[in-house]
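Undergrad: Residue numbers (our numbering), protein chains in the order written: chain B, 79 to 336; chain R, 23 to 787.
The following block contains the structure, expressed as structure tokens.
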């Protein structure tokens, strides 16, 4: 008994220093969040190419604006340009950490703004392989983290961490994220569905630095392993800190958005 | 020829040890392919790769979601489904179904995406959640929606609200199909069993395409596990009665086993995947191998009974049997190879496997069997055969009453030929499984209460990307939907316009008067976008709309239909469509039902060619082997008459002819010709070697080969009789008709053939 106590006492300082995998995972997430903090607002153009198992494709075009919100999820505004019959449709969302997002859609054909009341973050964005939750900002509090190991993606060193959503209605049990050691941006994400089978893999490429600080990808490609469908998102014309304000992200702003 | 037979039979006895070893080595080499032999777990194997209906169906599935599904029915015993305990069960089932391996999507009453307006909000949510918190008013609301919304009513909720269903869409990765299927089946069954114990007041049933596939596998496995051992046992008992020698029975059984192993092993190397239809090849090889090796052993034992030495008796039996055994094996093989003309690939496999098995058993019974017997101790009692007297009696009767026999037989043939025209090619693929299979019981329940596996799909093109939002398209689609829904065969439809109407209503404060289609393309497109953006995980629109929105899919759930009724229905659809729909929207029904619908005609046509070709080749073989054109032509009659009577009887009793029965012609042709061959070769031998006249030759044939014919007929009838008990109709029906024909063949050979010989093979002197 005495021996055991002695041993425990010897181990105590070690235990205090050794970092658990949970702590290391969280640390990486916090660092990633810190590095991206303060971008203020960003806008970009997007081309979305959907591809089904047959290889048939369909292209959608839109513009997106994001406003950074401290202490909660960001606000986003998406204006659709293509296909022509949805041109001018605008989508406003206030993402939240643990509650359902607030979402509005302006339908130009109806000339009305409709609030969408739905708990859905797990649903597909515009019929693509990206779910809303894949595209919204990654606040630290949204997930629980677990550091797994180090790895490399396309020659770039990365931390591999497992991320479990805290949101009850998430479509995933977990995802595994490869975070670049240099940019702290995700290079690759494996998503596991509700029965914990591999569902999708997202690969982000062409990261460029803006304002000397913020990294954004040129392309994100999502492959659904179960349905063999794919969605490619191509970003262009990133503009940071263009002076967007909260009032640019209001219900009233939707109708003006062109 | 005679010199060859003598040389060969002596050679076999001289080199008997090397022969045994070489045979075993060859069998081991071939048999090592057994490990490659697997079960095909997809019912689509019943359609050739170039089958246009299969191609259309696969294309449809690649565009929309897969049709593999598990369909679970919930039927409370004493109430309707709108009771909190039942609703709670449905919620629990829905939740657990998301955990089913390879599940892609779960649709139930509970997670039905109900949309409604709340001031200026569009609410999209599960129809209900957390049953404990539901008020009486909530339950009422659920009931109202369930019995009104066309997306639920008669689709997931039965007409009176007594039965509801949870539909799980499965997307198999297709890496290890058998294991994947097994995982889904065992998960579903485990879940259902648990629910059954937990909720004794509720009945649960499970069906769906996944269970259909599994039923095919299980039917095959049941045949292997119960019918094969049963056939084997029957053969052993039968052989003991016939041969009364342990060694002889042992020898024959070894030949059977080695033949089966060889054929199946080579099948494995050829990449044949078994199906319940082709698995019956195991039994057929067994039965046919017995029939041919019995001839060998009967002569051998006969020699021993007459105090011949063992080795001499063996080589003598070999000598006299080489020709008939080679001939009958060859003709039987031709008949089975004729199955390659079938439209249904598993029957190619069946025919080829049996042909390979026969080839193996031919080689084995001519080399391995005599070589083996020479090493085994054989004891026989000397006794006279009592059967010969009866056979001579039949011969005398036929010769004396030949005119009456001819008239009666001709009458029977004519009536049969007439009755045979009653037969209708019909496929009801769910009826392939008999009610001893749970799948059939559950599926019947589903069909009666909700409509189950009988679905027709129409992919309706809109002409251009995004075109499905055009008012003209939606209006026409709606028109088509109204029409098809009003047809008596259609239970329910699943169509985009129902969603469109509902959204339009929701967008206008849920006012009933707005339950109409949107008038502009932009509006429709934007509704769709809105709806698409509101759907949760897994419940996207892709099961209805293709990727560039240039086509939608209408699914019609049908009442039970035979292929004939279905083709008539489709003809009506096309006629209506041609008259009322614009050309760019042209479409054709696809789906499992449709695939089965077109098979019978093509199959029958194919098998007609196959059977005629087989008949031609077999007749040629007979003419050459018997060295007589006239006798060869006479042999056509006893080969064709049993088939005619058999199909006549079927037309009188059953009428419905499925795909398996079309291949019976070619198959039985090869089998029944054996009797004719044996009879005719003895008949000709008597005439040519012994100089008998026709009457004497007929009596000679009766007394010398009659018993063997009766014996082999009994063997075949018992063998196929066992197969008749298969739970799989393609096997049991085929076996029944085959059994009849084999029995009829013996009768015809004993009655009609002698009469024809007397009439047309008159003595020259």
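By construction, the Cβ of each residue, glycine as well, lies at the ideal position given by its N, Cα and C atoms.
Along chain B, in chain order, which residues have C-beta atoms closer than 9 Å to that of residue 569(R)?
TA: Result: 128, 129, 130, 132, 134, 135, 136, 205, 307.
Undergrad: Which residues in chain B have a C-beta closer than 9 Å to the C-beta of residue 155(R)? List them in chain order.
TA: What residue 155(R) touches in chain B: nothing, since even the nearest Cβ is about 15 Å away.
Undergrad: Put residue 565(R) into one of helix, strand or coil per three-state DSSP.
TA: Reduced to three states, the DSSP call for residue 565(R) is helix.
Undergrad: Are the Cβ atoms of residue 795(R) and residue 146(R) separated by less than 9 Å?
TA: A query on residue 795(R) cannot be resolved here, the shown segment of chain R reaching from 23 to 787 and no further.
Undergrad: Residue 170(B) lies in the beta strand (DSSP E); which residues open and close that run?
TA: Secondary structure note for residue 170(B): its beta strand (DSSP E) is the uninterrupted segment 168-172.
Undergrad: Rounded to a whole number of angstroms, what is the C-alpha to C-alpha distance between residue 128(R) and residue 297(B)?
TA: 32 Å
Undergrad: Are the CB atoms of residue 708(R) and residue 320(R) within a distance shorter than 9 Å?
TA: no
Undergrad: For residue 231(B), which beta-bridge partners are listed by DSSP?
TA: 234(B)
Undergrad: Beta-carbon within less than 6 Å of residue 267(B)'s beta-carbon, same chain only, minus the 5 sequence neighbours each way: which residues are those?
TA: Leaving aside the five residues that flank residue 267(B) on each side, the residues in its chain whose CB is nearer than 6 Å to its CB run, in chain order, 253, 255, 280.
Undergrad: In this structure, how does DSSP classify residue 790(R) when only helix, strand and coil are distinguished?
TA: Coverage of chain R is limited to positions 23 through 787, which leaves residue 790(R) absent and any answer about it impossible.
Undergrad: I'd like the list of long-range same chain contacts for residue 230(R), defined as Cβ closer than 6 Å, with 5 residues on each side in sequence excluded.
TA: 91, 92, 93
Undergrad: Please report how far the alpha carbon of residue 640(R) lies from the alpha carbon of residue 689(R), in whole angstroms.
TA: 12 Å
Undergrad: For residue 65(R), which of 225(R), 500(R), 233(R) has the nearest alpha-carbon?
TA: Of 225(R), 500(R), 233(R), the residue nearest in Cα terms is 233(R).
Undergrad: Given that residue 327(B) touches chain R, what residues does it touch there, using C-beta distances under 7 Å?
TA: Correct list: empty, because the minimum Cβ distance to chain R is about 17 Å.
Undergrad: Establish whether the CB of residue 85(R) and some CB of chain B are separated by less than 9 Å.
TA: yes
Undergrad: For residue 194(B), which residues in chain R fall below 9 Å Cβ to Cβ?
TA: 143, 144, 145, 146, 552, 555, 556
Undergrad: Please state whether the Cβ-Cβ distance between residue 753(R) and residue 241(R) is less than 9 Å.
TA: yes
Undergrad: For residue 481(R), which option in 153(R), 517(R), 251(R), 674(R) has the closest C-alpha, if you only look at C-alpha atoms?
TA: 517(R)
Undergrad: Report, in whole angstroms, the separation of the C-beta atoms of residue 213(R) and residue 257(R), which I expect to be a contact under 8 Å.
TA: Residue 213(R) to residue 257(R), Cβ: 42 Å. No contact.
Undergrad: For residue 200(B), which residues in chain R fall below 9 Å Cβ to Cβ?
TA: 558, 559, 560
Undergrad: By the DSSP assignment, the beta strand (DSSP E) with residue 190(B) in it spans what residues?
TA: 190-195
Undergrad: Measuring only the C-alpha atoms, how far is residue 677(R) from residue 361(R)?
TA: 22 Å
Undergrad: Closer than 8 Å by C-beta to residue 652(R): which residues in its own chain qualify, once you throw out the five before and the five after it? Chain order, please.
TA: 782, 783
Undergrad: Quick test of the definition: if touching needs 3 or more C-beta pairs under 8 Å, does the region 249-265 of chain R touch the region 341-356 of chain R?
TA: no
Undergrad: Residues of chain R with a CB under 8 Å from the CB of residue 188(B): which are they?
TA: 529, 545, 548
Undergrad: Near residue 604(R), which residues of its chain fall below 8 Å by C-beta distance, leaving aside the five closest residues on each side in sequence?
TA: 494, 498
Undergrad: How many angstroms separate the CA atom of residue 91(B) from the CA atom of residue 221(R)?
TA: Because residue 91(B) carries a pLDDT of 49, less than 50, the predicted location of this residue cannot be relied on, and the following value inherits that uncertainty. Roughly 56 Å separates the two Cα atoms.
Undergrad: Quick one: which residues of the region 117-134 of chain R get their C-beta closer than 8 Å to a C-beta of chain B? List them in chain order.
TA: 120, 121, 122, 123, 124, 125, 126
Undergrad: Can you pull the chain B neighbours of residue 193(R), defined as C-beta to C-beta under 8 Å?
TA: The contacting residues are 304, 305.
Undergrad: Got a sec, what are the start and stop residues for the alpha helix (DSSP H) residue 477(R) sits in?
TA: Careful: residue 477(R) lies outside any alpha helix (DSSP H), inside the beta strand (DSSP E) at 477-483.
Undergrad: Between residue 563(R) and chain B, is the shortest Cβ-Cβ distance under 9 Å, so that the two count as touching?
TA: yes
Undergrad: According to the neighbour-count rule (16 or more other Cβ atoms, all chains shown, within 10 Å of its Cβ), is residue 229(B) buried or exposed?
TA: It is exposed - the Cβ of residue 229(B) has fewer than 16 other Cβ atoms within 10 Å.
Undergrad: From the beta carbon of residue 279(B), is the nearest beta carbon of chain R less than 9 Å away?
TA: no
Undergrad: For residue 451(R), which residues of its own chain have a beta-carbon under 6 Å away from its beta-carbon, when the five flanking residues on both sides are left out?
TA: 618
Undergrad: Beta-carbon within less than 6 Å of residue 589(R)'s beta-carbon, same chain only, minus the 5 sequence neighbours each way: which residues are those?
TA: 619
Undergrad: Counting C-beta neighbours from all protein chains within 10 Å, is the total for residue 477(R) 16 or more, i.e. buried, or is it exposed?
TA: buried
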